[in-house]
Amino acid sequence: MAERTFQVYRGSDDEGRLESYTVETDQGMVVLDAIHRIQAEHAPDLAVRWNCKAGKCGSCSCEVNGHPRLTCMTRLSDYGENEPITVTPMKAFPVIKDLVADVSQAYRNNASIPRFRPRPRDADDGWRMQQFEIDRAQEMRKCIECFLCQDVCHVLRSHRKHEEFIGPTYLVRTAGYSLNPIDVEDRSEFLRDAGGIGYCNITKCCTEVCPEHITITDNAIIPLKERVVDRFYDPLKALVRLVRRR
Amino acid sequence: MEIPERHEHDVLVIGAGGAGLRAAIAAIEAGASVGLVGKSLLGKAHTVMAEGGMAAALGNNRPEDNWQVHFRDTMRGGKGLCDWRMARAHARESPDRVRELEAWGALFDRAEDGRMNQRPFGGHTYGRLAHVGDRTGLEMIRTLQDHAVHEGADVFMECTVFRLLVVDGRVAGALAYWRPTGEFVLFRARTVVLATGGLGKAWKVTSNSWECTGDGVALAYDAGAELMGMEFVQFHPTGMVWPPSVRGTLVTEGVRGEGGVLTNRDGERFMFRYVPEMFEGDYAESEEEADRWVEGDRVANRRPPELLTRDVVAKAIVAEVEAGRGSPHGGVFLNISEKRSPEYIKAKLPSMYHQFKELAGVDITTDAMEVGPTTHYAMGGVKVHPETAATRVPGLYAAGEVAAGLHGGNRLGGNSLSDLIVFGQRAGAAAAEEARDASLAEIPASELSEAVAGATAPFARGGGRNPFGLQEELQQIMQDKVGIARTEEALRDALEDVHRLRGALDSCSVDGGRAFNPGWHTWLDLRVMLTVAEAVVLSALERRESRGAHTRIDYPDSDASLGRVNLVIRSSEGRMVTDAEPVSEPPAELRQLIEEGV
Numbered sequence: 000m001a002e003r004t005f006q007v008y009r010g011s012d013d014e015g016r017l018e019s020y021t022v023e024t025d026q027g028m029v030v031l032d033a034i035h036r037i038q039a040e041h042a043p044d045l046a047v048r049w050n051c052k053a054g055k056c057g058s059c060s061c062e063v064n065g066h067p068r069l070t071c072m073t074r075l076s077d078y079g080e081n082e083p084i085t086v087t088p089m090k091a092f093p094v095i096k097d098l099v100a101d102v103s104q105a106y107r108n109n110a111s112i113p114r115f116r117p118r119p120r121d122a123d124d125g126w127r128m129q130q131f132e133i134d135r136a137q138e139m140r141k142c143i144e145c146f147l148c149q150d151v152c153h154v155l156r157s158h159r160k161h162e163e164f165i166g167p168t169y170l171v172r173t174a175g176y177s178l179n180p181i182d183v184e185d186r187s188e189f190l191r192d193a194g195g196i197g198y199c200n201i202t203k204c205c206t207e208v209c210p211e212h213i214t215i216t217d218n219a220i221i222p223l224k225e226r227v228v229d230r231f232y233d234p235l236k237a238l239v240r241l242v243r244r245r
Numbered sequence: 000m001e002i003p004e005r006h007e008h009d010v011l012v013i014g015a016g017g018a019g020l021r022a023a024i025a026a027i028e029a030g031a032s033v034g035l036v037g038k039s040l041l042g043k044a045h046t047v048m049a050e051g052g053m054a055a056a057l058g059n060n061r062p063e064d065n066w067q068v069h070f071r072d073t074m075r076g077g078k079g080l081c082d083w084r085m086a087r088a089h090a091r092e093s094p095d096r097v098r099e100l101e102a103w104g105a106l107f108d109r110a111e112d113g114r115m116n117q118r119p120f121g122g123h124t125y126g127r128l129a130h131v132g133d134r135t136g137l138e139m140i141r142t143l144q145d146h147a148v149h150e151g152a153d154v155f156m157e158c159t160v161f162r163l164l165v166v167d168g169r170v171a172g173a174l175a176y177w178r179p180t181g182e183f184v185l186f187r188a189r190t191v192v193l194a195t196g197g198l199g200k201a202w203k204v205t206s207n208s209w210e211c212t213g214d215g216v217a218l219a220y221d222a223g224a225e226l227m228g229m230e231f232v233q234f235h236p237t238g239m240v241w242p243p244s245v246r247g248t249l250v251t252e253g254v255r256g257e258g259g260v261l262t263n264r265d266g267e268r269f270m271f272r273y274v275p276e277m278f279e280g281d282y283a284e285s286e287e288e289a290d291r292w293v294e295g296d297r298v299a300n301r302r303p304p305e306l307l308t309r310d311v312v313a314k315a316i317v318a319e320v321e322a323g324r325g326s327p328h329g330g331v332f333l334n335i336s337e338k339r340s341p342e343y344i345k346a347k348l349p350s351m352y353h354q355f356k357e358l359a360g361v362d363i364t365t366d367a368m369e370v371g372p373t374t375h376y377a378m379g380g381v382k383v384h385p386e387t388a389a390t391r392v393p394g395l396y397a398a399g400e401v402a403a404g405l406h407g408g409n410r411l412g413g414n415s416l417s418d419l420i421v422f423g424q425r426a427g428a429a430a431a432e433e434a435r436d437a438s439l440a441e442i443p444a445s446e447l448s449e450a451v452a453g454a455t456a457p458f459a460r461g462g463g464r465n466p467f468g469l470q471e472e473l474q475q476i477m478q479d480k481v482g483i484a485r486t487e488e489a490l491r492d493a494l495e496d497v498h499r500l501r502g503a504l505d506s507c508s509v510d511g512g513r514a515f516n517p518g519w520h521t522w523l524d525l526r527v528m529l530t531v532a533e534a535v536v537l538s539a540l541e542r543r544e545s546r547g548a549h550t551r552i553d554y555p556d557s558d559a560s561l562g563r564v565n566l567v568i569r570s571s572e573g574r575m576v577t578d579a580e581p582v583s584e585p586p587a588e589l590r591q592l593i594e595e596g597v
């Protein structure tokens with residue numbers, strides 16, 4: 000048992016400060032445990048979002064020493080004994096209070112994605128798919144909507160293009176639909192326009208922070224970009240379409 | 000009291016996990032306008048944590064499987080106390096409900112022939128759980144969430160209902176507060192569906208999140224509904240035991256479904272010694288037979304005893320630890336590394352792999368896990384009509400974990416996710432149907448003022464007890480005195496403790512403002528948790544026998560006469576009282592099915 004001091008952001012979007020709290024720490028503790036101990040012993044009104052405490056729900060996302068992290072999966076032992084630990088809310092979003100970010104825009108972005116639309120059933124009891132056909136889509140479906148990729152994406156974090164760009168989380172969601180072998184919806188126009196996929200310049204920061212290890216850039220965003228290019232910017236295909244229309 | 004923010008819907012669904020989402024979809028399909036209120040962000044409800052899969056007799060892996068076998072397994076697993084009508088509806092309808100998810104975008108793991116794969120689980124005769132690795136709940140909630148949003152549900156996230164409003168004996172809506180701002184909001188509705196989930200947060204070692212405070216149980220009780228089977232709290236046999244900060248975190252039954260074995264300190268596969276009489280002959284009798292089954296020969300061999308029902312496995316683990324044969328940190332060993340390749344384990348149990356690697360520093364592809372029982376699920380809850388999910392209060396419905404009846408004295412793994420979608424659908428459809436002929440009631444202002452004054456009282460007090468301390472005390476009491484093994488003496492003690500804590504609630508104070516204030520939220524949750532705790536303790540005292548998940552050290556055997564009754568709780572002159580009500584007898588052909596098999 001050692002005492003440890005944490006710097007925690009307290010305040011709103013307009014004004015806030017880092018407060019210092021010291022608590023006992025136990026073996027195996029994660030950052031979220033420390034926040035809860037601070038709540039119970041020093042600051043019962045310290046706001047933090049959390050649910051499962053097992054890396055499955057994506058609620059407790061914050062920045063630990065400036066890095067986007069699930070606080071429930073970040074062990075104190077990952078930091079040196081005397082290394083300071085600073086916990087702040089996700090920077091890409093407005094702050095509601097303390098460590099809680101306002102992610103409502105993300106839910107609006109999600110609602111704008113054209114919904115899943117399946118082809119007719121292959122048989123009375125549903126569809127037939129081979130596992131290898133769905134592996135890639137299942138990779139996308141692992142997303143726990145923790146928004147860490149949104150947080151690190153410079154289009155959102157630095158340029159605040161939340162209205163113009165749905166961001167990596169929802170490109171992953173879109174890919175989850177579009178890579179489903181029975182889906183028949185064409186989302187290229189959405190991706191190009193409302194989705195703002197052109198804003199992504201594939202710096203791969205999103206892939207690096209994904210706690211589910213989804214290869215966001217390579218397996219979600221690039222294939223979707225290719226679909227948009229194929230659909231709208233392939234001169235040969237444009238010619239074929241033009242001829243067909245006549 | 001004027002509440003400036005007001006909303007009106009035909010159907011108000013409280014709770015946005017699997018049952019609430021499915022109820023909302025069903026109500027919308029039936030033409031109702033639907034408000035969906037959840038305490039967390041959408042998609043974060045406890046359903047997201049479900050791991051192993053959902054049980055449905057699709058017959059994909061074994062053509063012999065059908066609703067009758069599933070019905071029989073459920074009834075036997077529930078130790079005589081399941082409502083047979085609910086068990087029949089569940090077994091019959093779950094295949095359609097599961098296939099429907101696929102039509103809405105869910106992608107389940109496949110069998111060789113391209114249909115959904117089905118995994119074996121405890122108490123199920125055949126491999127029956129449609130699944131996605133060990134993240135089935137995530138797939139389910141994401142699918143339902145997106146479908147509900149696109150269907151037009153009016154979603155209220157991070158909004159907590161703390162009072163059901165009843166006008167002239169009929170439910171008329173609910174009063175809630177926005178968690179981010181602390182502002183109050185009034186929902187008026189023609190009918191209301193409770194889908195608030197579980198209550199495991201009242202125990203210290205639990206797989207449940209902060210949300211699982213049993214809100215629906217207390218809301219329904221306060222509104223005049225009856226509770227049933229509250230003594231039956233499932234302790235899942237396998238939670239993590241080390242390190243201390245993750246004690247209780249769930250380890251999916253899928254580990255055993257995929258071949259994982261339980262051993263004690265001496266390396267003995269002890270489950271062979273714990274097969275109850277009721278299941279004799281259904282399970283492998285040697286390690287060799289169990290191994291052949293795991294390797295795929297499932298017709299000539301019987302399943303391993305690790306796949307006995309959860310009540311049996313949890314009690315066996317406790318017995319091993321008490322006999323001094325436990326693991327270093329007070330559990331037993333669960334090992335899959337000797338039965339499956341690292342690649343297979345990572346493909347089928349990816350989140351278990353990460354969970355142990357990142358939180359415990361254990362590589363489950365090479366080493367054993369240490370596991371022990373953890374509070375997991377409430378079989379009991381609000382008493383409902385077996386077909387419509389209606390409670391005794393007109394206009395009020397309940398579905399999912401908050402409702403009682405389907406699981407009796409012990410729930411089979413995998414039957415919870417299918418419960419959510421079968422009875423979520425039924426409740427939503429019935430609530431929409433009733434809403435057609437129901438009107439919106441005016442809520443008396445006095446009732447709103449009284450509710451708001453009660454909820455904000457601790458702000459006016461200074462220097463009182465910290466709600467977090469009180470919550471911890473309750474969790475310790477429930478853990479020590481109302482845990483997996485109970486006695487009259489400990490339960491009497493617990494009842495006194497609960498009454499004392501209720502008094503202490505009034506001496507708690509809350510600092511800060513109403514905006515996102517966890518201290519205040521915890522105080523409000525405690526009001527609910529104490530009602531739940533009292534109901535559990537009273538029922539546990541009354542059931543003087545051991546059955547399913549309820550174990551009384553002072554009454555270690557089952558009592559046949561108690562096996563024919565459910566304990567029902569209602570409010571009588573301001574006091575909580577229990578009553579025994581007979582379990583409804585299935586018709587002769589179903590009784591024969593349960594006793595003799597298909």
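Note that the protein sequences, when read in sequence, are chains A and B.
Using numbering that gives the first Met the number 0, the first residue of the first sequence is number 0, and each one after it goes up by one.
Using numbering that gives the first Met the number 0, the first residue of the second sequence is number 0, and each one after it goes up by one.
We put the CB at the ideal spot given by N, CA and C, even for glycine.
As the structure is a prediction and not an experimental result, all values here were calculated from the model.
Exercise. Does DSSP put methionine 351/B in a helix, a strand or coil?
Worked result: helix
Exercise. Can a CB atom of chain B be found closer than 8 angstroms to the CB of leucine 45/A?
Worked result: yes
Exercise. Does DSSP classify tryptophan 66/B as helix, strand or coil?
Worked result: helix
Exercise. Sorted by chain position, which residues of the same chain lie with C-beta nearer than 6 angstroms to aspartate 153/B's C-beta, five sequence neighbours on each side aside?
Worked result: Gly34
For this session: Within its chain, find whatever has a CB closer than 7 angstroms to the CB of proline 218/A; leave out the 5 residues flanking it on each side and keep chain order.
Result: Contrary to the premise, residue 218/A reads as asparagine rather than proline in this sequence. Excluding residues within five positions, the ones whose Cβ falls inside 7 angstroms are Arg135 and Glu138.
Problem set entry | Residue range of the alpha helix (DSSP H) that includes tyrosine 169/A | 166–177
Exercise. Can at least three beta-carbon pairs, one atom from the stretch 2–13 of chain B and one from the stretch 425–436 of chain B, be found at a separation below 8 angstroms?
Worked result: yes
For this session: Indicate the three-state DSSP secondary structure (helix, strand or coil) for cysteine 211/B in the structure shown.
Result: coil
Problem set entry | Beta-carbon gap between threonine 24/A and leucine 75/A smaller than 8 angstroms | yes
For this session: Could you tell me if valine 227/A is buried or exposed, where buried requires 16 or more neighbouring beta carbons within 10 angstroms of its beta carbon?
Result: buried
Problem set entry | Reference proline 62/B, options Tyr125/B, Thr73/B and Met48/B, closest by Cα | Tyr125/B
Exercise. Since alanine 532/B and leucine 174/B are thought to touch, with beta carbons under 8 angstroms apart, how far apart are those beta carbons, to the nearest angstrom?
Worked result: In fact, because the Cβ distance is near 23 angstroms, the residues do not count as touching under 8 angstroms.
Problem set entry | For isoleucine 221/A and leucine 147/A, the rounded distance between their alpha carbons | 19 angstroms
Exercise. Does the Cβ of arginine 551/B lie closer than 7 angstroms to at least one heavy atom of the ligand COA?
Worked result: Annotation note on the ligand COA: not contained in the displayed structure, which lists no ligands.
Exercise. Looking at C-alpha atoms only, which residue of Leu561/B, Phe458/B, Ala403/B and Arg391/B is the closest neighbour of aspartate 221/B?
Worked result: Arg391/B
Exercise. Near isoleucine 363/B, what residues of its chain come up, given a Cβ to Cβ distance below 7 angstroms and the 5 sequence neighbours on each side ignored?
Worked result: Ile335, Ser336, Ile344, Met351, Tyr352 and Phe355
Exercise. Among Phe467/B, Gly462/B, Val535/B and Asn516/B, which residue has its Cα nearest to the Cα of valine 497/B?
Worked result: Val535/B
For this session: Could you work out which residues of chain B lie near isoleucine 213/A, taking near to mean beta carbons separated by less than 8 angstroms?
Result: Chain B residues near isoleucine 213/A: none, gap ~12 angstroms exceeds 8 angstroms.
Problem set entry | Under 8 angstroms (Cβ pairs) to chain B, residues found in the stretch 212–237 of chain A | none
Exercise. When the Cα of tyrosine 554/B is compared with those of Leu589/B, Glu488/B and Pro372/B, which residue comes out closest?
Worked result: Glu488/B
Exercise. Within 10 angstroms of its Cβ, does alanine 299/B collect 16 or more other Cβ (buried), or is it exposed?
Worked result: exposed
Exercise. Three or more beta-carbon pairs under 8 angstroms between the stretch 271–280 of chain B and the stretch 240–260 of chain B, yes or no?
Worked result: no
Exercise. How far does the alpha helix (DSSP H) with glutamate 580/B in it reach, from first residue to last?
Worked result: No alpha helix (DSSP H) contains glutamate 580/B, which is instead part of the beta strand (DSSP E) from 574–581.
Exercise. Taking Cβ positions only, does glutamate 369/B come closer than 8 angstroms to chain A?
Worked result: no
For this session: Give the range of the alpha helix (DSSP H) segment to which aspartate 599/B is assigned.
Result: There is simply no residue 599/B to check, as chain B begins at 0 and stops at 597 in what is shown.
Exercise. Rounded C-beta distance between glycine 58/B and methionine 128/A? I'm assuming under 8 angstroms.
Worked result: No, glycine 58/B and methionine 128/A are not in contact; Cβ-Cβ is about 18 angstroms, not under 8 angstroms.
For this session: Output yes if chain B places a C-beta closer than 8 angstroms to the C-beta of methionine 89/A; else output no.
Result: no
For this session: Would you mind listing the beta strand (DSSP E) stretches within the stretch 108–195 of chain B that are 3+ residues and don't spill past its ends, in chain order?
Result: 153–155, 158–166, 169–177 and 183–193
Exercise. Just how far apart, CA to CA, sit alanine 315/B and tryptophan 522/B?
Worked result: 37 angstroms
Problem set entry | Endpoints, the alpha helix (DSSP H) within which histidine 158/A is located | Segment: none, histidine 158/A is in no alpha helix (DSSP H) and carries neither H nor E.
For this session: Run the CB neighbour count on isoleucine 476/B, radius 10 Å, all protein chains shown included, and call it buried at 16 or more, exposed below.
Result: buried
Problem set entry | Limits of the beta strand (DSSP E) - the one that glutamate 18/A falls within | 15–24
For this session: Pull out every residue of the stretch 15–31 of chain A whose Cβ sits closer than 8 angstroms to any Cβ of chain B, in chain order.
Result: Asp25, Gln26, Gly27, Met28 and Val29
Problem set entry | Members of the stretch 344–358 of chain B near chain A, C-beta cut-off 9 angstroms | Pro349, Ser350, His353, Gln354, Glu357 and Leu358
For this session: Using only alpha-carbon positions, find the residue among Gly79/B, Leu411/B, Ala437/B and Arg118/B that is nearest to glycine 295/B.
Result: Arg118/B
Exercise. Is arginine 546/B near glycine 325/B, with beta carbons less than 8 angstroms apart?
Worked result: no
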